[in-house]
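**Student:** I have a structure here, written as structure tokens, and I will follow up with some questions on it.
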Amino acid sequence: MPAMPSSSDYLQPHDGASVDSGSDDDLDLEELDPTTATFHQAPHIPRDEATRKISYGSGIALRNLRIGGGSRWKHSNRASGEDTHGLLEDRDEETLRRSHASSHNYTEDDAPLLANRRRSSARSLVGDPAIRQRVGSARFFGFKAASVFSRLSSWSRRSDNDDNANKPPREVFVAQTQRAKYPPNVVSNAKYTPWSFLPRTLYNEFSFFFNIYFLLVALSQIIPVLRIGYMSSYIAPLAFVVAISLGKEALDDIGRRRRDAEANSEEFTVVSFDSPMGRKAYTATSIDNSEASDVFEITKKSRDLKVGDVLKVRKNQRLPADVVILKSISNDPVIARASSLAESPADPMHQASGDVPAPVDTEPSSSTTANEDHLSSGSDTFIRTDQLDGETDWKLRLPSVLSQSLRLNDFTRLKVTASAPDKRVNEFVGTIELGSRSGFYDPHVDKAQPGGEASNESQQANSAPLTIDNTAWANTVLASNTATYAVIIYTGSQTRAALSTSPSRSKVGLLEYEINNLTKILCALTLTLSVILVALEGFQPTNDKKWYIAIMIYLILFSTIIPMSLRVNLDMAKSVYSRFIQRDTDIPGTVVRTSTIPEDLGRIEYLLSDKTGTLTQNEMELKKIHVGTVSYANDAMEEVASFVRQGFAGNTLTTPSAVFGAQAGFGAAPRTRREIGSRVRDIILALALCHNVTPTMDEEDGVTVTSYQASSPDEIAIVKYTEDVGLKLSYRDRQTIVLEATDTSHVVVRVRILDIFPFTSESKRMGIIVQFETDNTILESTSDDGEIWFYQKGADTVMSAIVAANDWLDEETANMAREGLRTLVIGRKRLSSQQFQAFSTKYKQAALALQGRDVGMAKVVSEHLERDLELLGVTGVEDRLQRDVKPSLELLRNAGVKIWMLTGDKVETARCVAISAKLVARGQYIHTVSKVKDRAAAQEALDFLRNKTDCCLLIDGESLSLMLGQFRSSFISVAVLLPAVIACRCSPTQKAEVADLIRQYTKKRVCCIGDGGNDVSMIQAADVGIGIVGKEGRQASLAADFSITQFHHLTKLLVWHGRNSYKRSAKLAQFIMHRGLIISACQTMYSIASHFDPKGLFINWLMVGYATVYTNAPVFSLVFDRDVDEHLANLYPELYKELKSGRSLSYRSFFIWVLVSVYQGAVIQGLSQILLHTISGPRLISVSFTALIINELLMVAIAITTWHPLMIFCLIGTALVYAASVPFLGDYFDLEYVITVDWVWRVIAVCAVSVIPVWAGKLIQQSWKPPSYRKVRG
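What follows is the structure in structure tokens.
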């Protein structure tokens, strides 16, 4: 077989004595520790035997794969006393330079290769003796300590704008007491503390004008000359109002604390190295029986976790804090079985681990060796970060090379040095050190040397760098089937997730601000009226009172104009709305967490939505496949399966050059069918081979189930599709792929992986070179006469120039893109042995270059491989949308809501989801602004958008950052005009900044909806924050004002509950103000008739009773009113547009109600005085007060649109209560006169003159200019 290219050199077999490093960064720690070499020296294995006993490297960073064998050291057995210092220095400076050149962040690489894991059906592979021979002990790649020191020194060179630049790094002693204090690991969404509750809530309450006004009125009753009636009648209502509001805030915050307590009580497994006292514990599932005696697993609640604790995390478990991964052990039963069968005479892992040598009298046991081999095969860890940064791709994380090979009870010797807490989720710098058994600062003593002198080189070998690839942040989820041990380095408020979250704020509804403005008008009206009444008297003293005293008394008398009960009634109404929402069976699981803003649900202008988990399920599905002449989708997939069965029939291994159907006897089929069948077979084979997916075996209810593991969900979707149509990926390691037919379970394809070119965001494609085998003993065969093929798949934008000329690719990819599918173009090329050898030689040379290495390697690939590929076809993958997302977004758009999508995912993904979700209209132009770094390009983009406001904007995080920083007002002024905006690669703080900017610029209501921890800042910055209960976390739902379980529940929340809440509160507020204005008008008429004497008309109980038992229930029953039913609200979403204008409680409607109140108050008091020929006395009070009560009940009845049984009960019940209370009002009424006919007809006459004109005017207006709800109701 020809020599492997550089990026695959790590696949070469190595013997126990001569272990090749996979990268320039790799330095075997054996070489740095002669003592280790002494105790763990492996016997020399002949080269031919080493070829048979192959072992493979485990979890390698992508950068190592790409620069793989370019400059590896071919070192042989060295004497145990070799000078380590010379080893570091004499390799010249090229190695160090290459190390730095390759140490760039590779988090953008979306498709890292997987570990050497043994995945197959037990039936076909585990029993294979070749498998048992190939399972070896994986070694771990070391790093030169020098590379990390340069990184650590960079802490002091960070930007001055970085708040953490001057903060020193922290030292974390693993599983020990820390020397510094760190914050507790608690989640807190509470707005108040016990100490801040009263000051903050009282400040919020008295920031409203009318509360300050009533406080001053209540305090005025302390002054004897201003006192009117009982002091308690003014102070008690104010205290009651404030107490209700404070109690409501307290209940909401207690609810938040209770939910926080649930999250903080989640239990996690912690490894303890001391026998726990009084705590339930069990012996750790250890990798060596010898450590079971002093290592225990205990359960701790999330809030009890501390920095330095060692967590044991399993698949699908959320991480409660920021951690560094120490060790990862595969739970795959196939790996476990293969490892137990492995025969390994050497212990290469121990050679490469850098472990401090065991005591001289201790021999490593065979069980230890076998178990450590087992560990190495599962060292790669995958995490899902969509709850943190919104990205759908899984991230590869690796344990530290220093800690992976350690036993659990040696973890206490580790120390992690980490950078100061930072909110940048893609950056981390640190080191990990392994101390001696006697203590951290004791020198590493070589007992084999006389005098036990310390070796600085050995100590240096016991430290390794830590990067972002060794970490997992809080709220990420372990995706791989491993048991992962990790040490906590940041907790609570210092985690990346917490630092990226804005502090919560108290939210006040728009209706509250509008009512606050109206009360200022009412106050001005009160002051004006008081001054006019005193002025009409010529500012002369009245009843021995100075004129300014008279003005103040009038202000107190007219204080009912500003209704104190308004806040209480509105707060009670909000509680009712919250109950309506939570008890709605159509939106089960909905929780109202902030009950102060339900009316704002009816006033939303902008909806800012997350993508992953909110609009989409993050579950990919291959929906369409096109092979040039035929397209297959949905039901037609069965035809694809039949072609696959024909193409891979028989018991022999299939190669691409095999005639289609020959094995199954279909050679005589029509030529056209054979051609199509051959195309289908070829593209399915390409999809089954060109990927980075590894099959894993899981136990579910005692049944072994195959699942797939990869960095990208797209990859898994494609491999699942090939399994569904008949070609299953049964086994994959770094050198081999095995495919079997699903219907027969026979192995039909075996290939050797000769080279892999991973997907990157720059290249937008991935490729693989494979050699097909026809020999069933492939795993032992070394023949190189098999067919060599290069397969490649990628975005149509790059693949169209790589594949051979054709006339259908552009059209089909455009069609799929319009459907919102993510297209991948598949191509292939056959290589001769000479062509592959020429490519391999050139590729190795390019990999050795010190300057322009990546460019040179890409150029070689382009020249030798990416020329005139045979176009196999196009696939369309769909990110499955949440239920009813399309109709929901359409309904909201028709309701006049502008929808923005803010996501942390890639540009291409965001574009496809926007189209498939119908966020962008069919055929609408999408203007993409990405990677804009200079002002000129940004200005050009803004100028284009100003002239084309009917297009959709797609902008990435880098460009958005420039816009928000330097073109803030220009950008937002243009963006709000566009029908839709899609921002991708957004950080959590950018999402919050966008929400805040829209609020400030437009002064409109902004609603934000999301499901992940990365959406919390955005949700809290919005006027209305809505959280969806996600699969992995509840951070968003806990921090939100409203929590729902499905995105489509949002439409009912806004269009139905939002509408009702706003319309009802507006009507309730108007009636309460009308109630105060009308009694003030009565007071004014009385004052004028009594020669401007500032005396009260209705005092003491009459005032209190009027505001409470006599009118409150009927007025409050308006919270059950509705103008349209739910069906019409959904059928005519345009009705929602009217709510945003605020007409229900506008200045126009307010002044109409003021005129109505003045008219009715003047009629009630004036007509009563005329009919009774008196201006005072109990007879007048009995007529006017009774008419006032009946007038209010009739006005409520007129205002009701849809009757509810409770409304009827409140109206009739209140009338009966008033009638029953009249006999007890002898201090105010002439009871003998009340039972006469004269009293009855006068009350009826006054009520008729007061109500009938108002009612008639309303009927005429509705006939002349009917409101919209009247039109749709017919």
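Yeah, the sequence shown ends on 1274 if you go by full-length UniProt numbering, and it's all consecutive. In this text, a Cβ means the ideal position worked out from N, Cα and C, and glycines have one as well.
1) Find out if the Cβ-Cβ distance for the pair Val313, Asn264 is shorter than 8 Å.
2) So does the region 1060-1074 actually touch the region 619-628, counting three or more Cβ pairs closer than 8 Å?
3) Please classify residue 1282: does DSSP put it in a helix, a strand, or coil?
4) At which residue ranges does the region 1141-1223 contain complete alpha helix (DSSP H) runs of 4 or more residues, listed in the order of the chain?
5) Hey, out of Gly492, Tyr490, Gln494 and Thr471, whose CA is closest to Thr484's CA?
6) At which residues does the beta strand (DSSP E) containing Cys951 begin and terminate?
7) Leaving aside the five residues before and after Thr928 along the sequence, list all residues of the same chain whose C-beta is less than 6 Å from its C-beta, in chain order.
8) With distance defined between alpha-carbon atoms, name the residue in Leu1135, Asn211, Val705 and Gly1027 nearest to Gly896.
9) Using C-beta distances below 8 Å, list every residue in its chain close to Tyr203, excluding the 5 sequence neighbours before and after it, in chain order.
10) When the Cα of Arg179 is compared with those of Gly308, Ile1235 and Val271, which residue comes out closest?
11) Count the other CB atoms, across all protein chains shown, that sit within 10 Å of the CB of Trp1056; report buried if there are 16 or more and exposed otherwise.
12) Assuming Trp789 is part of the beta strand (DSSP E), what are its boundary residues?
13) Quick check: Ser1080 and Ile1175, are their CB atoms within less than 8 Å of each other?
14) Would you call the region 544-552 and the region 635-648 in contact, with 3 or more CB pairs under 8 Å?
15) Alpha carbon to alpha carbon, how far is Ile561 from residue 1278? Give it in angstroms, no decimals.
16) Just grab the DSSP bridge partners of Asp884 for me.
17) Report yes or no: do three or more beta-carbon pairs, one from the region 783-801 and one from the region 763-774, lie closer than 8 Å?
18) Comparing C-alpha positions only, which one of Phe1151, Leu1188, Val1154 and Trp1153 sits nearest to Ser1168?
19) Specify, as a first and last residue, the run of the beta strand (DSSP E) that Ile587 falls within.
20) Could you tell me if Tyr490 is buried or exposed, where buried requires 16 or more neighbouring beta carbons within 10 angstroms of its beta carbon?
21) My assumption, with CB atoms under 8 Å, is that Ser463 sits in contact with Ile488. Please give the rounded CB distance.
22) Short check: CB of Arg603 to CB of Tyr1062, under 8 Å?
23) Please tell me whether Ala420 and Arg170 are closer than 8 Å, where the distance is taken between their beta carbons.
24) For Leu608 and Ile899, I'd like the C-alpha separation in whole angstroms.
25) For the candidate residues Phe1229, Met564 and Thr875, whose alpha-carbon lies nearest to that of Thr722?
26) If you follow the alpha helix (DSSP H) that Ala995 is in, where does it begin and where does it stop?
27) For Leu408 and Ser328, what's the separation of their Cα atoms in angstroms?
28) Three-state secondary structure (DSSP) at Lys898?
29) Relative to the C-alpha of Gly1025, which residue among Asp943, Gln1035, Phe1042 and Gly1012 is closest?
30) Going by DSSP, what residue range makes up the beta strand (DSSP E) through Met564?
31) Evaluate Lys991 with the Cβ neighbour count: other Cβ atoms within 10 Å of its Cβ, from every protein chain shown; 16 or more gives buried, anything less gives exposed.
32) Ordered along the chain, which non-local residues of its own chain (more than five positions away) have a Cβ less than 8 Å from that of Lys520?
33) Going by CA-CA distance only, name the one from Ile753, Val1029, Arg765 and Thr652 that's closest to Thr744.
34) So, using beta-carbon positions, are Tyr1228 and Ile1170 closer together than 8 Å?
35) So, is His1074 buried or exposed, given that buried needs 16 or more other C-beta atoms within 10 angstroms?
36) Here's the rule I'm using: 16 or more other beta-carbon atoms within 10 Å means buried, otherwise exposed. How should Val1217 be labelled?
**Tutor:** So, from the listed chains and residues:
1) In the sequence shown, counting from the first residue as 1, residue 313 sits at position 313. In the sequence shown, counting from the first residue as 1, residue 264 sits at position 264. Going by C-beta atoms, Val313 is not nearer than 8 Å to Asn264.
2) no
3) Any answer about residue 1282 is impossible in this case: the structure gives the chain only from 1 up to 1274.
4) 1147-1172, 1178-1199 and 1205-1221
5) Along the sequence shown, one-based indexing puts residue 484 at 484. Answer by Cα proximity: Thr471.
6) The count along the sequence shown starts at 1 and reaches residue 951 at position 951. Here Cys951 belongs to no beta strand (DSSP E), and DSSP marks it neither H nor E.
7) Counting from 1 along the sequence shown, the entry for residue 928 is found at position 928. Excluding residues within five positions, the ones whose Cβ falls inside 6 Å are Leu954.
8) Counting from one through the sequence shown, the residue named residue 896 turns up at place 896. The shortest C-alpha separation from Gly896 is found at Leu1135.
9) In the sequence shown, the residue the question calls residue 203 occupies position 203. Excluding residues within five positions, none has a Cβ falling inside 8 Å.
10) Start at 1 with the first residue of the sequence shown, and residue 179 comes out as number 179. For Arg179, the nearest C-alpha among the options comes from Gly308.
11) For the purposes of this step, residue 1056 is taken as residue 1056 along the sequence shown, with counting starting at 1. Per the 10 Å Cβ criterion, buried.
12) The residue given as residue 789 occupies position 789 in the sequence shown. Residues Ile788 to Gly794.
13) As a working note, residue 1080 is residue 1080 in the sequence shown. As a working note, residue 1175 is residue 1175 in the sequence shown. No, the Cβ-Cβ distance between Ser1080 and Ile1175 is not below 8 Å.
14) no
15) Past the edges of the chain, shown from 1 to 1274, lies residue 1278, and the structure says nothing about it.
16) Within the sequence shown, numbered from 1, the residue matching residue 884 stands at position 884. DSSP lists no partner for Asp884.
17) yes
18) Residue mapping note: residue 1168 aligns to position 1168 of the sequence shown, counting from 1. Nearest C-alpha to Ser1168: Leu1188.
19) What you label residue 587 is simply residue 587 of the sequence shown in a count that begins at 1. Premise fails: Ile587 is in no beta strand (DSSP E) and is neither H nor E.
20) Sequence index remark: in the sequence shown, residue 490 carries index 490 (1-based). That one is buried.
21) On the sequence shown, residue 463 is found 463 positions in, with the first residue counted as 1. On the sequence shown, residue 488 is found 488 positions in, with the first residue counted as 1. 20 Å between Cβ atoms; not a contact.
22) Taking the sequence shown and counting its residues from 1, one reaches residue 603 at position 603. Taking the sequence shown and counting its residues from 1, one reaches residue 1062 at position 1062. For Arg603 and Tyr1062, yes; Cβs fall inside 8 Å.
23) As a first step, residue 420 must be located in the sequence shown, where it is residue number 420. As a first step, residue 170 must be located in the sequence shown, where it is residue number 170. Against a cut-off of 8 Å, the Cβ pair of Arg170 and Ala420 comes out as a contact.
24) Locating residue 608 in the sequence shown gives position 608, counting from the first residue. Locating residue 899 in the sequence shown gives position 899, counting from the first residue. Rounded to the nearest angstrom, the two C-alpha atoms are 6 Å apart.
25) Numbered from its first residue, the sequence shown carries residue 722 at position 722. Among Phe1229, Met564 and Thr875, the Cα nearest to that of Thr722 belongs to Thr875.
26) By 1-based counting over the sequence shown, the position of residue 995 is 995. Here the alpha helix (DSSP H) through Ala995 covers Pro988 to Thr1002.
27) Locating residue 408 in the sequence shown gives position 408, where the first residue counts as 1. Locating residue 328 in the sequence shown gives position 328, where the first residue counts as 1. Leu408 and Ser328: Cα-Cα distance of roughly 11 Å.
28) For the purposes of this step, residue 898 is identified with residue 898 of the sequence shown, where counting begins at 1. In the structure shown, Lys898 sits in a strand (DSSP, three-state: E or B).
29) Reading the sequence shown from its first residue, position 1025 is the one you call residue 1025. Ranking Asp943, Gln1035, Phe1042 and Gly1012 by Cα distance to Gly1025 puts Phe1042 first.
30) Mapped onto the sequence shown, residue 564 falls at position 564. Unbroken run through Met564: none, as it is neither H nor E.
31) Taking the sequence shown and counting its residues from 1, one reaches residue 991 at position 991. Buried is the call here.
32) Walking along the sequence shown from the start, residue 520 turns up at place 520. So the list reads Phe209, once near-sequence residues are dropped.
33) Numbered from 1 along the sequence shown, position 744 holds the residue referred to as residue 744. Among Ile753, Val1029, Arg765 and Thr652, the Cα nearest to that of Thr744 is on Thr652.
34) Walking along the sequence shown from the start, residue 1228 turns up at place 1228. Walking along the sequence shown from the start, residue 1170 turns up at place 1170. In this structure, Ile1170 does not lie closer than 8 Å to Tyr1228 by Cβ.
35) If you number the sequence shown from 1, residue 1074 lands on position 1074. Buried, because 16 or more other Cβ atoms sit within 10 Å of the Cβ of His1074.
36) Residue mapping note: residue 1217 aligns to position 1217 of the sequence shown, counting from 1. Its Cβ having fewer than 16 others within 10 Å, Val1217 is exposed.
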